[in-house]
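Peer 1: Chains as they are written, first to last, in this note's numbering: chain E, 5 to 147; chain A, 473 to 908.
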Amino acid sequence: MNRRKLLSLLGMSPVVMAAESALAAQSEKKPVAPVTTHPALARLATGPAKITTVNPKGTPPAIQLIPMAPRLDSLDGKTVYLVDTGFHGSDMLLQQIQEWFKANMPGVTTVFKRKAGPYAQDDPALWKEIKEKGNAVIMAVGH
Amino acid sequence: MGIPSAPIVTKAFKDLAILNAAKRGMPHERICFTQHPVWGKTPDELHAYIEGQDPVSNKPFMKEVVDALTVPLSDDEKKSGMVTVSVGPPTFTDTAENLQDFYLNNGYTDFLPVILPTEEKVDAMLKGTTHHPDEVVGKMAAGAYPPWSYTVRQVAASAVMAGCRPEYFPILLAIASTGIASLFSSTNSFAFSMIVNGPIRDKLEFNYGIGSLGPFAQANATIGRAWTLMSKNLGNGGIPGDTYLGSVGNNLNYNNVVIAENEEASPWDPFHVQRGFKKEDNVVSLFRGLGVVPGQVARGSSANENVQFDYQLSDLFSTFTGFFGALVIADPLVAVRLKEQGYETKEKLIDWLYKNTTQTVKDYKSRNYAYLFDYPRALRGDEPWASWYKMPDDAVIPHFPHASDFNIVVTGGQTNAYPQAANMSYGVSASIDKWM
Numbered sequence: 005m006n007r008r009k010l011l012s013l014l015g016m017s018p019v020v021m022a023a024e025s026a027l028a029a030q031s032e033k034k035p036v037a038p039v040t041t042h043p044a045l046a047r048l049a050t051g052p053a054k055i056t057t058v059n060p061k062g063t064p065p066a067i068q069l070i071p072m073a074p075r076l077d078s079l080d081g082k083t084v085y086l087v088d089t090g091f092h093g094s095d096m097l098l099q100q101i102q103e104w105f106k107a108n109m110p111g112v113t114t115v116f117k118r119k120a121g122p123y124a125q126d127d128p129a130l131w132k133e134i135k136e137k138g139n140a141v142i143m144a145v146g147h
Numbered sequence: 473m474g475i476p477s478a479p480i481v482t483k484a485f486k487d488l489a490i491l492n493a494a495k496r497g498m499p500h501e502r503i504c505f506t507q508h509p510v511w512g513k514t515p516d517e518l519h520a521y522i523e524g525q526d527p528v529s530n531k532p533f534m535k536e537v538v539d540a541l542t543v544p545l546s547d548d549e550k551k552s553g554m555v556t557v558s559v560g561p562p563t564f565t566d567t568a569e570n571l572q573d574f575y576l577n578n579g580y581t582d583f584l585p586v587i588l589p590t591e592e593k594v595d596a597m598l599k600g601t602t603h604h605p606d607e608v609v610g611k612m613a614a615g616a617y618p619p620w621s622y623t624v625r626q627v628a629a630s631a632v633m634a635g636c637r638p639e640y641f642p643i644l645l646a647i648a649s650t651g652i653a654s655l656f657s658s659t660n661s662f663a664f665s666m667i668v669n670g671p672i673r674d675k676l677e678f679n680y681g682i683g684s685l686g687p688f689a690q691a692n693a694t695i696g697r698a699w700t701l702m703s704k705n706l707g708n709g710g711i712p713g714d715t716y717l718g719s720v721g722n723n724l725n726y727n728n729v730v731i732a733e734n735e736e737a738s739p740w741d742p743f744h745v746q747r748g749f750k751k752e753d754n755v756v757s758l759f760r761g762l763g764v765v766p767g768q769v770a771r772g773s774s775a776n777e778n779v780q781f782d783y784q785l786s787d788l789f790s791t792f793t794g795f796f797g798a799l800v801i802a803d804p805l806v807a808v809r810l811k812e813q814g815y816e817t818k819e820k821l822i823d824w825l826y827k828n829t830t831q832t833v834k835d836y837k838s839r840n841y842a843y844l845f846d847y848p849r850a851l852r853g854d855e856p857w858a859s860w861y862k863m864p865d866d867a868v869i870p871h872f873p874h875a876s877d878f879n880i881v882v883t884g885g886q887t888n889a890y891p892q893a894a895n896m897s898y899g900v901s902a903s904i905d906k907w908m
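Printed below as a string of structure tokens:
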């Protein structure tokens, strides 16, 4: 699925679209004129009865958009932190990226760090260090 | 942090990464993708990854990384403000057949037929509690996502769909109030379990006798199923690639492991009493972990007069990951035998299991979960992991970090003395009475 399609989930969920198309399809069906007033025969003429059901979904939170941080003019002369979140292979991938910078952009200083704490937890001490000493972050999530 | 970042994710997690960034307010985050997996690859193979293309954009990978940090922001990337997310209208009207298809095709079900939550059936379910239909019960997320909230009425819809009776409803509200989803986004294919204690077991005709963990009672079957439907519908869990990543998946997710404790045949205090509740209280306690294994596979499981269930259980637990807890699921015959052996209380058996289920530091460090979860804690100085990582390889340490990682529940019909064991951790206990 492309990003546009994925992001359409934010403003218009597939549930809504599916519901709308189902309802639209339903409204397009031409009603069949009843041929008799007998209830059983009327059901035969108009098809199965319609029922109303409850949408079982919970309520998603509204999303607060966060403006992204301004980008750098260039990485030359800058310090880039390479942060390993702890998933398997992230460290080795970042080490290869470190080697790539040495070979291809020697003006960039790279600092490798493994984030402390389980992968889903913040590491405030490291964030503070990066903010004070770094100019950019590359963060790798392996598997 | 206020400084530019370039997250790198393997392509297997593309949808998850893009959607989760969006849900957290950065729908245009510049995510760079590598081939998958990176785990187990040689340095040369990883070098080839980064010298190659980003498999999502098909542009040179390292150019994507550098551009992510240096190309000026677009107007979209600078946007602030609020975005609301719709889940559709509050009701749907169509034929029963079409609605059954509609619910299935829109991910509202577990892909088994459901009882359609008509307004009449939902109203009937709401009679199972004194709480107002619009009362907010809690918030739930199937992982590290912004949680969804839900009302009593929204819980009732999933309860109807699962086939629950109105008198079961307080148990579902108690579960929903914890915010714990039974579907979790991890690649680990987690399993979930609940223990039900108190007089409500008999009132609702839970099965805690023969085949207590099997499909032999409506309460066990439908309440377990409802937890998964609630996780999908109320917590937005169970969307493969987005909010569910379990590589193989887990069959236990269909209705979870529902354990009504056989309090009457147990020689020990019921589980909820251990947790500080009164015996007459009705309580549901939730667990999360990897799954359940039979005791028959353990060493020392011979059915003779010398059978040693403590050693059997310890043997089973030594194969588990210490990241999750160890739950003993004991048939009453097993429990009675253990008491005869001197374990007068559950706590006494737990103490023995904790002290006698051990491993060497070398074995410990070689484990996947130790590297992934414990080592980062050790780096932060958390105990006991920080000390364990300083010990020599041949030092012997407990297999589980704390005695409280062990739990015991008694259930079953006493047709044979077979225990089962779950690699599951206790999460929380919730009062059912509060939701009546």
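Backbone N, C-alpha and C fix where the C-beta goes; we use that ideal spot for every residue, glycine too.
Values in this document were obtained by computation on a predicted structure and should not be read as measured data.
#1: Return no unless some Cβ of chain E is closer than 7 Å to the Cβ of A/Y640.
#2: Can you tell me whether A/D846 is buried or exposed, with buried defined as 16 or more other CB within 10 angstroms of its CB?
#3: Run through DSSP, which three-state label would A/Y898 get?
#4: State whether the region 828-842 of chain A contacts the region 779-796 of chain A, with contact taken as three or more CB pairs (one from each stretch) at a distance under 8 Å.
#5: How long is the line joining the alpha carbons of A/G497 and A/F656, rounded to whole angstroms?
#6: Alpha carbons only, please: which of A/Q892, A/P479, A/V900, A/S757 is nearest the one belonging to A/I801?
#7: Starting from the beta carbon of E/Q102, find every residue of chain A whose beta carbon is closer than 8 Å, and list them in chain order.
#8: Could you tell me whether the Cβ atoms of A/S897 and A/G761 are closer together than 7 Å?
#9: Going by DSSP, name the residue or residues bridged to A/G553.
#10: Excluding the 5 residues flanking A/K611 on each side, which residues of the same chain have their C-beta closer than 6 Å to its C-beta?
#11: Where do the ends of the beta strand (DSSP E) carrying A/D566 lie?
#12: Using 7 Å as the threshold, is the C-beta distance between A/G474 and E/A73 below it?
#13: Might you give, ordered along the chain, the residues of its own chain that have their beta carbon closer than 7 Å to the beta carbon of E/F91, omitting 5 neighbours on each side?
#14: If you draw a straight line from the C-alpha of A/F574 to the C-alpha of A/D905, how long is it?
#15: A/N660 touches chain E at which residues, Cβ-Cβ below 8 Å?
#16: Tell me which residues share the same chain as A/F749 and place their Cβ nearer than 6 Å to its Cβ, disregarding the 5 neighbours each side in the sequence.
#17: For the candidate residues A/M633, A/A616, A/N778, whose alpha-carbon lies nearest to that of A/Q572?
#18: Nearest by alpha-carbon distance to A/L724: which of A/A693, A/E549, A/K486, A/D606 is it?
#19: Would you identify the three-state DSSP class for A/P532, choosing helix, strand or coil?
#20: Rounded to whole angstroms, what's the CA-CA distance from A/K486 to A/V538? Just pull it up for me.
#21: Beta strand (DSSP E) containing E/Y85: first to last residue?
#22: Nearest chain A C-beta to E/L130 closer than 7 Å, yes or no?
#23: Just the chain E side, please: which residues come within less than 8 Å of A/S448 by C-beta, in chain order?
#24: If you reduce the DSSP assignment to three classes, tell me which class A/M908 lands in.
#25: Can you check which of these residues, A/R637, A/S654, A/N705, A/S649, is closest to A/F678 by C-alpha distance?
#26: Do A/V481 and E/L97 have their CB atoms nearer than 7 Å?
#27: By how many angstroms is the C-alpha of A/N727 removed from the C-alpha of A/A653?
#28: Between which two residues does the alpha helix (DSSP H) harbouring A/W860 extend?
#29: From the DSSP output, which residues share a beta bridge with A/Y716?
#30: Would you list, in chain order, the members of the region 83-96 of chain E that have their beta-carbon closer than 8 Å to a beta-carbon of chain A?
#31: Any C-beta of chain A sitting closer than 7 Å to the C-beta of E/T57?
#32: Residues of chain E with CB closer than 8 Å to the CB of A/A484, please, in chain order.
#33: Does DSSP classify A/K751 as helix, strand or coil?
#34: By how many angstroms is the C-alpha of A/A568 removed from the C-alpha of A/L588?
#35: For the alpha helix (DSSP H) containing A/W511, name the first residue and the last one.
#36: If you measure between the beta carbons of A/P479 and A/F505, is that distance less than 7 Å?
Peer 2: Short version:
#1: One-based indexing of the second sequence puts residue 640 of chain A at position 168. With 7 Å as the cut-off, A/Y640 does not count as an interface residue toward chain E.
#2: Counting from 1 along the second sequence, the entry for residue 846 of chain A is found at position 374. Flag for A/D846 reads buried.
#3: As a working mapping, residue 898 of chain A is identified with position 426 in the second sequence. Of the three classes helix, strand and coil, the one that applies to A/Y898 here is strand, per DSSP.
#4: yes
#5: Counting from 1 along the second sequence, the entry for residue 497 of chain A is found at position 25. Counting from 1 along the second sequence, the entry for residue 656 of chain A is found at position 184. C-alpha separation (whole angstroms): 22 Å.
#6: Within the second sequence, numbered from 1, the residue matching residue 801 of chain A stands at position 329. Minimum Cα distance to A/I801 is reached at A/Q892.
#7: Position 98 of the first sequence, counted from the first residue, corresponds to residue 102 of chain E. Chain A residues near E/Q102: none, gap ~10 Å exceeds 8 Å.
#8: For this step, residue 897 of chain A is matched to residue 425 along the second sequence. For this step, residue 761 of chain A is matched to residue 289 along the second sequence. The answer is yes: Cβ separation under 7 Å.
#9: Numbered from its first residue, the second sequence carries residue 553 of chain A at position 81. Note: A/G553 sits in a beta bridge opposite E/L69.
#10: Along the second sequence, read from residue 1 onward, the residue named residue 611 of chain A stands at position 139. Counting only Cβ-Cβ distances below 6 Å, and skipping sequence neighbours, we find P619, S621, G651.
#11: In the second sequence, the residue the question calls residue 566 of chain A occupies position 94. Per DSSP, A/D566 belongs to the beta strand (DSSP E) from 563-567.
#12: The residue given as residue 474 of chain A occupies position 2 in the second sequence. The residue given as residue 73 of chain E occupies position 69 in the first sequence. It is a contact, given that the beta carbons lie within the stated cut-off.
#13: Within the first sequence, numbered from 1, the residue matching residue 91 of chain E stands at position 87. Counting only Cβ-Cβ distances below 7 Å, and skipping sequence neighbours, we find Y123, V145, G146, H147.
#14: Residue mapping note: residue 574 of chain A aligns to position 102 of the second sequence, counting from 1. Residue mapping note: residue 905 of chain A aligns to position 433 of the second sequence, counting from 1. The straight-line gap from Cα to Cα measures roughly 35 Å.
#15: Against the second sequence, residue 660 of chain A aligns to sequence position 188. Chain E residues near A/N660: none, gap ~11 Å exceeds 8 Å.
#16: Along the second sequence, one-based indexing puts residue 749 of chain A at 277. The answer, listed in chain order, is V755.
#17: Position 100 of the second sequence, counted from the start, is the residue given in the question as residue 572 of chain A. The shortest C-alpha separation from A/Q572 is found at A/M633.
#18: On the second sequence, position 252 is the one that residue 724 of chain A refers to. Of the listed residues, the one whose Cα sits closest to A/L724 is A/A693.
#19: As a working note, residue 532 of chain A is residue 60 in the second sequence. Residue state, collapsed to three classes: strand.
#20: In the second sequence, counting from the first residue as 1, residue 486 of chain A sits at position 14. In the second sequence, counting from the first residue as 1, residue 538 of chain A sits at position 66. Between A/K486 and A/V538, the C-alpha separation is close to 19 Å.
#21: Here the question's residue 85 of chain E lines up with position 81 in the first sequence. E/Y85 -> beta strand (DSSP E) spans 83-88.
#22: The residue you call residue 130 of chain E lines up with position 126 of the first sequence. For E/L130, the answer is no, since every Cβ of chain A falls outside 7 Å of its Cβ.
#23: Given that chain A is displayed from residue 473 to residue 908, the structure contains no residue 448 of chain A and the question cannot be resolved.
#24: Residue numbering aside, residue 908 of chain A sits at position 436 when the second sequence is read from its first letter. Coil, per DSSP.
#25: Numbered from 1 along the second sequence, position 206 holds the residue referred to as residue 678 of chain A. Comparing Cα positions, the closest option is A/R637.
#26: Stepping through the second sequence from its first residue, residue 481 of chain A is reached at position 9. Stepping through the first sequence from its first residue, residue 97 of chain E is reached at position 93. Contact flag unset, no.
#27: One-based indexing of the second sequence puts residue 653 of chain A at position 181. One-based indexing of the second sequence puts residue 727 of chain A at position 255. Answer to the nearest angstrom: the Cα atoms are 12 Å apart.
#28: Reading the second sequence from its first residue, position 388 is the one you call residue 860 of chain A. Taken as a continuous stretch (DSSP letters only), the alpha helix (DSSP H) holding A/W860 covers 857-860.
#29: Sequence index remark: in the second sequence, residue 716 of chain A carries index 244 (1-based). Partner(s): A/P712.
#30: V84, G90, F91, H92, G93, S94, M96
#31: Translated into the one-based positions of the first sequence, residue 57 of chain E becomes position 53. At least one chain A Cβ lies under 7 Å of E/T57.
#32: Counted from its first residue, the second sequence places residue 484 of chain A at position 12. Going along chain E in sequence order, the residues near A/A484 (Cβ under 8 Å) are H147.
#33: In the second sequence, residue 751 of chain A corresponds to position 279, counting from 1. In the structure shown, A/K751 sits in coil (DSSP, three-state: anything other than H, G, I, E or B).
#34: Position 116 of the second sequence, counted from the start, is the residue given in the question as residue 588 of chain A. Position 96 of the second sequence, counted from the start, is the residue given in the question as residue 568 of chain A. Distance between the alpha carbons of A/L588 and A/A568: 8 Å.
#35: The sequence position of residue 511 of chain A within the second sequence is 39, counting from 1. That residue, A/W511, is in no alpha helix (DSSP H); it is neither H nor E in DSSP.
#36: By one-based count along the second sequence, residue 479 of chain A stands at place 7. By one-based count along the second sequence, residue 505 of chain A stands at place 33. No. Outside cutoff.
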